[in-house]
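As structure tokens, the structure follows; a few thoughts come after it.
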Amino acid sequence: MTQISRLSRTDWFGPLLATIIAIVVIRAFSANFLSSFNIQILLLAIAVNALVAYSQMIIIAIGQMNLSVGAIGGLAAISFVGMIEVWGIPAPLAVILALAIGVGCGVINGVLIRITGISAFVITLATLSIFKGINLGITEAQPFYGVPDSVKAFGSALVFGPIPWLVVPTVLVAVGLWFMLSRMPVGRFILAVGSNEHAAGLSGISVGATVIIAHGISGLLAAIAGVLVVARLQIGQPSIGDDWLILSFAAPVIGGAILAGGHVSVSATFLGVVIVAIITQALVLFNIDPFLVQVVLGALILAAVGLNKLRARAPIGQGT
Amino acid sequence: MTSPDSTLPASPLGPNAGRSTTHFFLSNEFGLILLIVIFAMIFGATAQGFLSKFNLFTLGRNSAVNIMIGLSMMTVIVTGGLNLAVGAMGVSVAMTCGWLIEGVGVPWPLAILGALAFGAALGWINGAMVVKTGLHSFIITLATMSIFFGAMIFLTRAESFRELPSAFSTFGRMKFGGYLSPLLLVTLVVALLLAWLYRRTLTGREMLAAGASPAAAELSGIRVDRIITLCHMLSGVLAGLAALMLVARNGAAIPSMAGQLGQDWLLPAFLGPVLGGTLLQGGKVSVLGTVLGAFLVTMLSSGLLMLQVGAFWVQTFLGLMLLVAVLLDKARRSYLARRNLA
């Protein structure tokens, strides 16, 4: 019994249970659900969405929010294709430059928040508009078509079975983030600043540097997500990132992240992404109106924050 | 710098009077008026046709909508919360109005009232959930933004209501004296009512108290829960009004008029109150500032468009402006704090 009660208090247990139940139920109604083609589609969605969620999660970890995740991803995506098409830069170099732009955007966010002391909400709302405006100013809302064949090939290649190559960067990022947050000083600093900024500062942690690093990482992850979307869509759409906002908060919150900061879980956030992907997929499989996806996402956020609230209120168990 | 008078105890009014005039010149509202005048002169001199009657008319009409959106956000910011769902609520109200007229056949004045009541109901959902769960309104309204917009798109099948009575488009096109849109008058009346609410009525003062310090307000006998719910309902009604004004302007209720999930309204919604000096922490409000802030933003976008900066760069300028505005406000505050003026 104590084992179960201990399990039920981990972040990943609830989402994992929900994932398994969802898979079993949907499989029972639709034989196609676990077909290899369908799994491939699921994995493609998860690969990008997990990065989007991590990009927000790292900012939730320091107790702030980043509204500009989608704008950074979109800017990185169009500058990636734009540099290849207009300047003729080789693809690998363009990837590096696009990721550098992402980091740069994130660092700008972090520095502005730190220097001005103004809430992250207002700053990232302003930079959301600035980055998106630069995106539209460069592209004039027209997509770049010059995606090189090597990138297209990467976007559609399979490692083995139904597993696409696009999943590989996401898995590496997830492992890296987990290692950073649980094993490396900078990860512990991020969580410490999130749980109590003042105490963290008094314990000798450089709060400013930590905040800026977290925003830099957030920008980097958003940029990776943007580049992966380009590889998947095989086109540099200026609208990439427009619909990331709700999702970026949904997955970490489903994964038990506390919005006040200091508590996030890489594995549970990943499961949050999986749940969202499965439910979206199920709506398609059962011919339910795709417009309802938004309603379901919103309802999931509400259910998740409600459950987190209940879990926080439950008595701290005897097992530990 | 202490003036020699301030050492004399006999003239307490002197420094006070001086303080209030300095205070006005250092106030946000004065800064905004100055900026509006300066930019109006720049655009008037450089942009062809900026001061033409037609442009003044469209400027008034656009700022009417933007000011209303800003006021809708302001009513929730007063409580120290946010309402990310303004756009989604506004569009839902507009579509409800269209449906009541076209689908049910309700006469249009009743349909408008019904739709605004629906806006209040949506606001009540937000407010009740914020109060019941104790979660921050950011996450609640983020979720309801998705839910409201998704439900609206699902129910309307993303199709517009275009057969609205001509009263709407006539009202949208009406001009007083060749350049004044009645939409702007509606907005100004609403702004005056709000200013009266916050200055003169018990409910308004309770809203400010609940925003400044919920615990203290609760202890002084204010029912903070009800007040917060009321603020959200007010926000829903104002968002609905803004959307209905857009309907009057477009002559149709269009599901995409606030962008995906109503996100296009977010920036104008925050620009007005933040430029106007409404504290995001709650408890302090400036209706005049919000009106001036939203007007400045509308004027800048219109002027930039007329200077042919390129329509696509306007968004960047608006973002930069929000940034500059909060920085200036910060600098002004610390200046005031140093001089012990605030």
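If you're matching them up, the sequences are chains P and L in order.
Under our numbering, the first residue of the first sequence is numbered 3, with each subsequent residue one higher.
Under our numbering, the first residue of the second sequence is numbered 447, with each subsequent residue one higher.
Just so you know, even glycine gets a beta-carbon here, dropped at the ideal spot from N, CA and C.
Owing to the predicted nature of the structure, the values given are computational and were not obtained by experimental measurement.
Original post:
In three-state terms, what does DSSP make of Ile91(P)?
Top reply: coil
Original post:
Can you give the Cα-Cα distance for Phe564(L) and Gly221(P), rounded to whole angstroms?
Top reply: Cα to Cα, Phe564(L) sits roughly 39 Å from Gly221(P).
Original post:
Would you say Asp291(P) reaches chain L, if we count a Cβ-Cβ gap shorter than 7 Å as a contact?
Top reply: Residue-level contact by beta carbon holds for Asp291(P) and chain L, with a gap shorter than 7 Å.
Subject >> Leu142(P) at chain L interface by Cβ criterion, 7 Å >> reply: Reading off the sequence, residue 142(P) comes out as Glu, not Leu. Output row for Glu142(P): interface = yes.
Original post:
Taking Cβ positions, are Gly728(L) and Thr590(L) nearer each other than 7 Å?
Top reply: No, the Cβ-Cβ distance between Gly728(L) and Thr590(L) is not below 7 Å.
Original post:
Is there a Cβ from chain L that is less than 7 Å from the Cβ of Ser131(P)?
Top reply: yes
Original post:
chain P beta carbons: is any one of them nearer than 7 Å to that of Ser702(L)?
Top reply: At a cut-off of 7 Å between beta carbons, Ser702(L) makes no contact with chain P.
Subject >> Buried versus exposed, by CB contacts within 10 Å (16 or more), Met186(P) >> reply: Met186(P) is classed as exposed because its beta carbon has fewer than 16 other beta carbons within 10 Å across all chains shown.
**OP:** Report yes or no: do three or more beta-carbon pairs, one from the segment 719-737 of chain L and one from the segment 488-501 of chain L, lie closer than 8 Å?
**Re:** no
Original post:
Would you call Ser702(L) buried or exposed, if buried means 16 or more other Cβ atoms sit within 10 Å of its Cβ?
Top reply: Exposed, because fewer than 16 other Cβ atoms sit within 10 Å of the Cβ of Ser702(L).
Original post:
For Val576(L), which residues in chain P fall below 7 Å Cβ to Cβ?
Top reply: Ordered by position in chain P, no residue passes the 7 Å Cβ test against Val576(L), which lies about 11 Å from the chain.
Subject >> CB contact flag (Ala252(P), Val286(P), <7 Å) >> reply: Their beta carbons are not under 7 Å apart, which means Ala252(P) does not touch Val286(P) by this criterion.
Original post:
Between Leu556(L), Leu634(L) and Gly544(L), which lies nearest to Phe741(L) when the distance is taken from Cα to Cα?
Top reply: Ranking the options by Cα distance to Phe741(L), first place goes to Leu634(L).
Original post:
To which residues of the same chain is Met182(P) closer than 6 Å at the C-beta, ignoring the five residues directly before and after it?
Top reply: Gly189
Subject >> Integer-rounded CB distance, given that Ser538(L) should sit under 8 Å from Met598(L) >> reply: Confirmed, about 5 Å.
Subject >> Three-pair Cβ contact test at 8 Å for the segment 211-221 of chain P versus the segment 50-61 of chain P >> reply: yes
Original post:
Sorted by chain position, which residues of the same chain lie with C-beta nearer than 6 Å to Val683(L)'s C-beta, five sequence neighbours on each side aside?
Top reply: Leu562, Gly565 and Ala566
Original post:
Going by beta carbon distance, what residues of the same chain come within less than 6 Å of Ser681(L), once the five residues before and after it are set aside?
Top reply: Ser518, Thr521, Val522, Asn529 and Gly569
Original post:
To the nearest angstrom, how far is it from the Cα of Leu302(P) to the Cα of Cys107(P)?
Top reply: 30 Å
Original post:
What are the partner residues of Ala699(L), as DSSP defines its beta bridges?
Top reply: Under DSSP, the beta-bridge partners assigned to Ala699(L) are Phe607(L).
Original post:
What distance in whole Å lies between the Cβ atoms of Asn508(L) and Thr744(L), which are believed to be in contact at a cut-off of 8 Å?
Top reply: 5 Å
Original post:
Residues in its own chain within less than 8 Å of Ala407(L) by CB, not counting five upstream and five downstream?
Top reply: The structure shown does not extend to residue 407(L), since chain L spans only 447 to 788, so no value can be given for it.
**OP:** Please go through the segment 240-273 of chain P and give each complete alpha helix (DSSP H) segment of 4 or more residues, from N-terminal end onward.
**Re:** Under the rule that a run must span 4 or more residues, the alpha helix (DSSP H) segments found entirely inside the segment 240-273 of chain P read 247-256.
Subject >> Cβ-based burial, Thr126(P) [other Cβ within 10 Å; buried from 16] >> reply: Counting every other CB atom within 10 Å of its CB across the protein chains shown gives Thr126(P) a total of 16 or more, marking it as buried.
Subject >> Limits of the unbroken alpha helix (DSSP H) element including Val733(L) >> reply: Val733(L) -> alpha helix (DSSP H) spans Val733 to Met752.
Subject >> Distance between Asp245(P) and Ala227(P) (C-alpha atoms, nearest Å) >> reply: Those two C-alpha atoms are separated by around 13 Å.
**OP:** Quick one: using the 10 Å Cβ neighbour count with 16 as the cut-off for buried, is Val88(P) buried or exposed?
**Re:** With fewer than 16 other Cβ atoms from the protein chains shown falling within 10 Å of its own Cβ, Val88(P) counts as exposed.
Subject >> Delimiting residues of the alpha helix (DSSP H) encompassing Val83(P) >> reply: Val71 to Gly84
Original post:
Looking at the unbroken beta strand (DSSP E) that takes in Val632(L), where does it start and where does it end?
Top reply: If you look at Val632(L), you'll find it isn't in any beta strand (DSSP E); it sits in the alpha helix (DSSP H) that goes Pro628 to Arg646.
Subject >> Ser592(L) beta carbon less than 7 Å from that of Gly527(L) >> reply: no
**OP:** Would you be able to state if there are at least three C-beta pairs under 8 Å between the segment 266-273 of chain P and the segment 73-80 of chain P?
**Re:** no
Original post:
From Leu774(L) to Leu114(P), what does the alpha carbon distance come to, in whole angstroms?
Top reply: 13 Å
**OP:** Using DSSP bridges, identify the partner residues of Ile43(P).
**Re:** Answer is none; Ile43(P) lacks a bridge partner.
**OP:** Would you check if the segment 191-210 of chain P and the segment 28-47 of chain P touch, i.e. whether three or more CB-CB distances between them fall below 8 Å?
**Re:** By the criterion of at least three beta-carbon pairs nearer than 8 Å, the segment 28-47 of chain P is not in contact with the segment 191-210 of chain P.
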